[in-house]
Every structure is written in structure tokens, then in C-alpha cells.
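In the numbering used here, the protein residues as written are -12 to 119. Heads up, the thing below is written out as C-alpha cells.
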Amino acid sequence: HEHVVNAMNESEFAHKLSGTRNILKTSVVKSGGFCDTIRVTAYGYQTINRTDYIPVMGGDGRSHNVPVNWVEYIPVSQDTDVNVNAVGEEKEETYADKFKKAIESMRSGKLADDKDVYTVGLFLAYIIKKSR
-12 HEHVVNAMNE SEFAHKLSGT RNILKTSVVK SGGFCDTIRV TAYGYQTINR TDYIPVMGGD
48 GRSHNVPVNW VEYIPVSQDT DVNVNAVGEE KEETYADKFK KAIESMRSGK LADDKDVYTV
108 GLFLAYIIKK SR
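Okay, here's the thing in C-alpha cells:
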């Protein structure tokens, strides 16, 4: 499942405050037929630019406060549920027919837009809901 979600758009899963790339981990919520519902947890970091002033002895023998810029990284995560559908192995249908049939069945359910469906190899995946 991680291969499938890593082939999808990472921004669909990232926490809104994340300023870094995200690591996507998956767990199975339920499985049945040719469809798995998985929970994708995106781990990233909120970034905050900081400046500290460090006293440094100068060449003139006096202490000077020198600004040191650094970035604080605060962990953030977000869970998103995704359905992953495996294309069946019927002999009389081509892979193109199987994909078309699977996409049509998903559209008749909850999907409204082509951008919601991702194809990865022999898998179709779409986002069900994001938790905030």
C-alpha cells in the first residue's frame, strides 16, 4: 500500500502546517473483495525560523552579540483514509476495460472528479476523507 500512496500526490496527505516533505505510512482499516481501505499517516515538520544572539569576544576586546539564524522543526502529522482497488483477473476483459469499469463504479459512488482517482500499476486509489 505504501508504494501506491507514494505514487499519489503527497500534498493530498500532508498536514497544512508542514513545511517539509512528508513520510507516508499506511495501515489497513478494512479489507474485502478487491478493495482495501487504508489509513495514510503523513509525518512532517512545521518549520519556524528563529534567531539567537550569542555573545562573542571581538578583536577589539569587547563582547558583541552575533545573530545566529536557525530553524526549529516541530513534528506534525495527519491521517487520511484511502480506498485501494485491485483490478480483477477476468480473462475476457482487457486491462483497459477493467480500469474503465473500476473507475465508473467508483464515480457512481463518491467521486466527482478525475483528479480524485490515481492509477498505480494494477491498482486504483482514491481519497475517502482527511482527518483534521
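Ideal Cβ placement from N, Cα and C applies to all residues, glycine included.
Identity of the residue in the options nearest residue i by Cα
{"i": "Thr34", "options": "Asp84, Thr106, Val71 and His2", "result": "His2"}
{"i": "Gly19", "options": "Phe86, Asn52, Asn72 and Thr106", "result": "Asn72"}
{"i": "Lys12", "options": "Asp84, Ser64 and Asn36", "result": "Ser64"}
Range of the contiguous beta strand (DSSP E) that encloses residue i
{"i": "His51", "result": "Ser50 to Ala73"}
{"i": "Thr13", "result": "Ile10 to Gly19"}
{"i": "Asn36", "result": "Cys22 to Met44"}
Start and end residues, alpha helix (DSSP H) containing residue i
{"i": "Asn(-7)", "result": "Glu(-11) to Asn(-7)"}
Contact set for residue i: own chain, Cβ-Cβ below 6 angstroms, skip 5 residues either direction
{"i": "Gly108", "result": "none"}
{"i": "Val55", "result": "Asp39 and Ile41"}
Whole-angstrom distance between residue j and residue i, CA atom to CA atom
{"i": "Thr7", "j": "Thr28", "result": "15 angstroms"}
{"i": "Asn36", "j": "Pro62", "result": "15 angstroms"}
{"i": "Tyr105", "j": "Glu(-11)", "result": "14 angstroms"}
{"i": "Ala83", "j": "Glu91", "result": "12 angstroms"}
{"i": "Asn9", "j": "Arg49", "result": "45 angstroms"}
{"i": "Thr81", "j": "Ala89", "result": "12 angstroms"}
{"i": "Ile25", "j": "Gly45", "result": "59 angstroms"}
{"i": "Tyr60", "j": "Ala(-6)", "result": "26 angstroms"}
Expected contact under 8 angstroms - CB spacing of residue i and residue j to nearest Å
{"i": "Tyr32", "j": "Ser5", "result": "7 angstroms"}
{"i": "Val43", "j": "Val58", "result": "Contact flag wrong, Cβ pair sits at about 21 angstroms."}
{"i": "Val69", "j": "Val15", "result": "Not confirmed; about 11 angstroms, so no contact."}
{"i": "Thr67", "j": "Phe0", "result": "5 angstroms"}
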